[in-house]
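Going left to right, the first sequence walks through residues 7 to 510 as the numbering used here numbers them. Structure first, then comments.
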Amino acid sequence: MKKQRRCIIAKQKNQRNEIVEKVVSLAKRRGFVFQSSEIYGGLNGCWDYGPLGVELLKNIKEEWWKFMTYREDVEGQDASILMHPRVWEASGHVENFTDPMVDCKQCKSRFRLDVLGEAINDAKKEKIIASFIEEVKGSEKESLVMSIIALDIPLNEKFEKILENSKVSFDLLAHISCPNCGTNNSFTEPRKFNLMFKTFVGPVESEDNIVYLRPETAQGIFVNFLNVQVASRQKLPFGIAQIGKAFRNEINTKNFLFRTREFEQMEMQYFVKPEDDVKFYKYWKEARIEWFKSLGMSPDKLRFHDHPKEKLAHYAKDATDIEYLFPFGWGEIEGIHNRTDFDLSRHEEYSGKSMKYFDEETREKITPYIIETSAGASRSFMAFLIDAYEEEEVNDETRVVLRFHPRLAPIKAAIFPLVNRDGMPETARKIEADLRPFMRVFYDSKGAIGRRYRRQDEAGTPYCITVDTQTLSDNTVTVRERDSMEQYRIEIDKLLMHLLEKFR
RNA sequence: GCGGGAAUAGCUCAGUGGUAGAGCCUCACGUUGCCAACGUGAUUGUCGCGGGUUCAAGUCCCGUUUCCCGCUCCA
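And the structure:
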C-alpha cells in the first residue's frame with residue numbers, strides 16, 4: 007500500500023518533469039552532458055560537456071560572437087578570471103553579494119536568516135516578539151522594535167525586519183529555537199555568507215592575498231573600457247563583448263544546467279551617451295530576443311520579464327529578463343540592464359583613475375551609461391536542447407529527434423553507404439573526406455539504414471547523405487532531411503555547395 | 001537550508017533476507033537494398049558510498065553523497 011502510493015506520487019512527479027529527465031538521460035547517453043566527477047559520486051551542481059555537447063555549446067557561442075561582434079560598433083575581449091580584489095569592492099559584490107546566515111551551536115545546522123523566519127508560524131511569531139519586547143523593555147532597542155511593529159505591513163514582514171536589523175537581530179534570535187534540534191538560545195551571531203568563491207594568490211593563504219573567482223564577466227569589461235576604446239579608436243556608442251566562465255557559490259543548485267556554481271556567460275556591455283540610454287536599451291532588448299528566435303527557439307516559449315522599478319538592483323535604472331518556458335517554468339536565459347554610470351563611476355572612485363570619455367563634439371568629459379546584455383551560455387544551451395527535443399510517432403514507433411537549427415547542430419551531416427559493399431563504402435568515404443574540411447561530419451556503415459537515420463535524429467544531425475546503387479551509375483546521392491524525413495537526389499559535385507548554403 | 005522522493009549494466013527498469021536479471025543500446029559475424037528489420041554470438045555491475053544488524057544484505061537499520069520535486073533563493 008505504502009509502496010503503491012509512493013509509486014503513484016513518483017509517477018506524477020515524473021510526468022511533470024518527464025521532459026527534463028528524458029533530456030538529461032539522452033544528454034548522457036549521446037554525450038551531450040555528463041555529471042562532473044561522476045565516478046566519485048558527482049559534485050553538486052557541476053556538469054561536464056561531452057563530445058556532442060561541446061560542439062553545441064561552441065556553436066551557440068560562435069553564433070553569439072558573430073551576431074554581437076561582427077559589426078562596426080562592438081569589439082571583443084577576453085579578461086582573466088582572477089582580478090584585483092578591489093574590483094569586487096567597487097562593484098559592490100564584496101558588500102552586497104551576501105546572505106546573512108546563522109549556525110545552531112547545538113546541532114551545527116546552518117540557516118539563512120530570512121528562511122529561519124519562514125519556518126515559524128504566525129502565532130509563534132507573536133509570542134516570540136512579545137517575550138522579546140518584555141526583555142528589552144526600557145532600552146532604546148524597545149523603541150526601535152516598537153517602531154517596526156507600528157508599520158502597516160504583515161506580521162511576517164515585521165518579524166523579518168526585526169530579524170534582519172543588525173542592532174536587534176541577535177537578541178531576537180535568543181528567543182527562537184532551532185528548527186532542526188529544537189534547542190533554545192543556541193544561535194551564533196548572524197554573519198554574512200558571500201556568494202563569491204575565494205582563493206589565494208601565491209603560496210601563503212592569508213587575508214592579504216585573497217582573490218575571487220569572478221561572479222560575472224562584466225567587471226572585466228568595465229575596467230578595460232578605456233583600454234579598448236583607445237586601442238580600437240571607437241566612439242560612443244560602442245560595445246565590448248566577452249564570453250567566459252563565471253562562478254557563484256550558490257546555496258542551492260537546481261534544475262540540471264539551470265543553476266550551477268560554475269557557468270558561462272556571453273556578455274556585451276554597450277557604452278552610450280547618458281541621453282541615449284533609453285533608445286539603446288530598447289534596441290538591444292529587441293535584438294537579443296530576436297537572436298534566440300533566429301536560431302529556431304520557439305517564439306511562444308520566449309518572453310520578456312520586465313523588473314518592476316521598486317525591485318531593481320542598486321545599479322540599474324531599467325532591467326528585463328528574456329525568459330524561456332522550461333518544463334519547470336519560466337526561467338531567465340538573458341538579462342538586459344540599463345546600468346547607468348554606476349559601474350564606471352564606482353571604478354573611478356575606487357581606482358582613482360578617470361574612467362571618463364572625451365566627447366569631441368561637445369568638448370566635454372562624460373561618464374557613459376552602460377546597457378548590458380548578459381546571456382547565460384549554459385542556460386541557453388539547456389534551452390536550445392530542451393526546445394529542440396521532440397518525440398513523434400512514426401510507423402507505430404517513437405522517433406526521438408533533436409530539431410536543432412542547422413547552424414547549432416553538433417554534427418552537420420552524416421554519410422552512409424546504403425550497404426557495406428559493391429563500392430558504396432569507398433564512394434561514401436570519399437564524400438566524407440571532401441566534406442570534412444568544411445563541417446563536422448560523421449560516417450556510419452553499421453546496421454540497417456533506418457537505424458542509422460534514427461541515431462542521427464537523436465543527435466540532431468540535420469542531413470544524412472546516402473550512397474546507393476544509383477550512385478554508382480549516375481554520381482548522385484540522396485539527401486535525407488531530419489525534420490521532414492524526406493529525401494531528394496543531388497549530384498555529388500554539387501553536394502558541398504548545397505550543404506554550405508544550408509548553414510549560411 | 002527545510003520538507004518529500006530516488007539511486008541496481010551505457011539507457012529504462014524488475015528484483016520484500018538465500019546463485020544479480022530483462023528490454024533497449026553497443027560490438028562481431030551472417031543476412032538485408034531507404035526509416036529503430038532478422039538470426040547467432042559477445043561485452044558490460046565493488047546494486048551511489050561508509051558503517052551496523054544477521055549464518056547470510058541489492059533487500060532491514062544508521063550515516064553520507066548525488067539527482068529530482070516543493071518551499072526558499074537567484075545582489
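For glycine and all other residues, C-beta sits at the position ideal for the given N, C-alpha and C.
Beta-carbon proximity list for residue i, same chain, < 7 Å, skipping 5 on both sides
{"i": "Ile139", "result": "Glu148, Val151"}
{"i": "Val174", "result": "Lys147, Leu150, Val151, Ile168"}
{"i": "Trp94", "result": "Val100, Met202, Tyr218"}
{"i": "Met388", "result": "Phe262, Leu263, Phe264"}
{"i": "Pro314", "result": "none"}
{"i": "Thr373", "result": "Asp347, Leu350, Ser351, Met361, Lys362"}
{"i": "Asp84", "result": "Gln248, Gly250"}
{"i": "Lys34", "result": "Phe40"}
Exposure label - residue i; buried when at least 16 CB within 10 Å
{"i": "Lys131", "result": "buried"}
{"i": "Ile159", "result": "exposed"}
{"i": "Met503", "result": "exposed"}
{"i": "Pro57", "result": "exposed"}
{"i": "Ala156", "result": "exposed"}
{"i": "Asn481", "result": "exposed"}
{"i": "Gly48", "result": "exposed"}
{"i": "Val39", "result": "buried"}
{"i": "Gly59", "result": "buried"}
{"i": "Lys9", "result": "Confidence at Lys9 is low in this model, with a pLDDT of 30, below 50, so the placement of that residue is unreliable and no value is reported for it."}
{"i": "Leu161", "result": "exposed"}
{"i": "Asn233", "result": "exposed"}
{"i": "Ile378", "result": "Looking at the sequence provided, one finds Glu at residue 378 rather than Ile. Label assigned to Glu378: buried."}
{"i": "Ala237", "result": "exposed"}
{"i": "Val400", "result": "exposed"}
{"i": "Phe206", "result": "exposed"}
Alpha-carbon spacing of residue i relative to residue j, whole angstroms
{"i": "Tyr363", "j": "Leu88", "result": "26 Å"}
{"i": "Phe231", "j": "Gln41", "result": "37 Å"}
{"i": "Arg22", "j": "Lys323", "result": "Its pLDDT being 49, under 50, Arg22 is placed unreliably by the model, and nothing is read from it."}
{"i": "Asp3", "j": "Glu370", "result": "Only positions 7 to 510 of the chain appear in the structure, and residue 3 is not among them; the question remains open."}
{"i": "Gly144", "j": "Phe165", "result": "20 Å"}
{"i": "Pro221", "j": "Lys67", "result": "19 Å"}
{"i": "Arg458", "j": "Arg486", "result": "12 Å"}
{"i": "Asp450", "j": "Gly341", "result": "42 Å"}
{"i": "Ser380", "j": "Gln271", "result": "7 Å"}
{"i": "Phe253", "j": "Ala319", "result": "19 Å"}
{"i": "Ser304", "j": "Tyr276", "result": "27 Å"}
{"i": "Gly250", "j": "Leu391", "result": "20 Å"}
{"i": "Cys13", "j": "Glu24", "result": "Bear in mind that a pLDDT of 33 at Cys13, under 50, signals an unreliable position, so the model cannot answer this."}
{"i": "Gln18", "j": "Arg446", "result": "Any reading at Gln18 needs caution, since the residue's pLDDT is 38, under 50, leaving its predicted position unreliable; the model's value is listed next. Taking the straight line from one Cα to the other gives about 40 Å."}
{"i": "Gly82", "j": "Gly453", "result": "47 Å"}
{"i": "His511", "j": "Ile227", "result": "It is not possible to answer for residue 511, since the shown part of the chain is limited to 7 through 510."}
{"i": "Glu367", "j": "Arg309", "result": "39 Å"}
{"i": "Glu27", "j": "Ser212", "result": "44 Å"}
{"i": "Tyr330", "j": "Asn258", "result": "21 Å"}
{"i": "Leu179", "j": "Phe193", "result": "7 Å"}
{"i": "Leu414", "j": "Lys359", "result": "43 Å"}
{"i": "Ser384", "j": "Gln493", "result": "34 Å"}
{"i": "Phe468", "j": "Pro333", "result": "Contrary to the premise, residue 468 reads as Pro rather than Phe in this sequence. If you take the alpha carbons of Pro468 and Pro333, they lie about 25 Å apart."}
{"i": "Lys72", "j": "Arg239", "result": "21 Å"}
{"i": "Ser183", "j": "Glu141", "result": "16 Å"}
{"i": "His311", "j": "Tyr395", "result": "25 Å"}
{"i": "Val284", "j": "Ala224", "result": "20 Å"}
Residue i: first and last residue of the uninterrupted beta strand (DSSP E) it sits in
{"i": "Ser384", "result": "Looking at the DSSP string, Ser384 is not in any beta strand (DSSP E); the run it does join, the alpha helix (DSSP H), is 383-394."}
{"i": "Thr475", "result": "Premise fails: Thr475 lies in the alpha helix (DSSP H), 475-480, not in any beta strand (DSSP E)."}
{"i": "Val406", "result": "403-408"}
{"i": "Phe40", "result": "39-41"}
Terminal residues of the alpha helix (DSSP H) in which residue i lies
{"i": "Arg36", "result": "24-36"}
{"i": "Leu58", "result": "57-75"}
{"i": "Ile155", "result": "146-155"}
{"i": "Gly456", "result": "455-465"}
{"i": "Glu516", "result": "Residue 516 is absent from the structure shown; the chain starts at 7 and stops at 510."}
{"i": "Lys508", "result": "498-509"}
{"i": "Gly226", "result": "224-228"}
{"i": "Val236", "result": "231-238"}
{"i": "Ala85", "result": "Note, Ala85: premise wrong, no alpha helix (DSSP H); not H, not E."}
Chain-order list of residues whose beta-carbon lies under 8 Å from that of residue i (same chain, five-residue window excluded)
{"i": "Thr477", "result": "Met430, Thr433, Val483, Ile498"}
{"i": "Leu424", "result": "Met430, Ile455, Thr472, Val473, Asp474, Thr475"}
{"i": "Val80", "result": "Met74, Phe244, Gly245, Ile246, Ala247, Met274, Tyr276"}
Beta-carbon proximity list for residue i, same chain, < 6 Å, skipping 5 on both sides
{"i": "Lys500", "result": "none"}
{"i": "Ala96", "result": "Arg352, His353, Tyr356"}
{"i": "Phe348", "result": "Tyr321"}
{"i": "Trp336", "result": "Glu329"}
Task: Ranges of the beta strand (DSSP E) found wholly within the segment 413-440, counting only runs of at least 3 - done: As far as the segment 413-440 is concerned, its whole beta strand (DSSP E) runs of at least 3 residues are 419-423.
Open item on the list: Restricting to runs no shorter than 3 residues, where is the beta strand (DSSP E) found entirely within the segment 288-343?
Closed with: 308-312, 324-332
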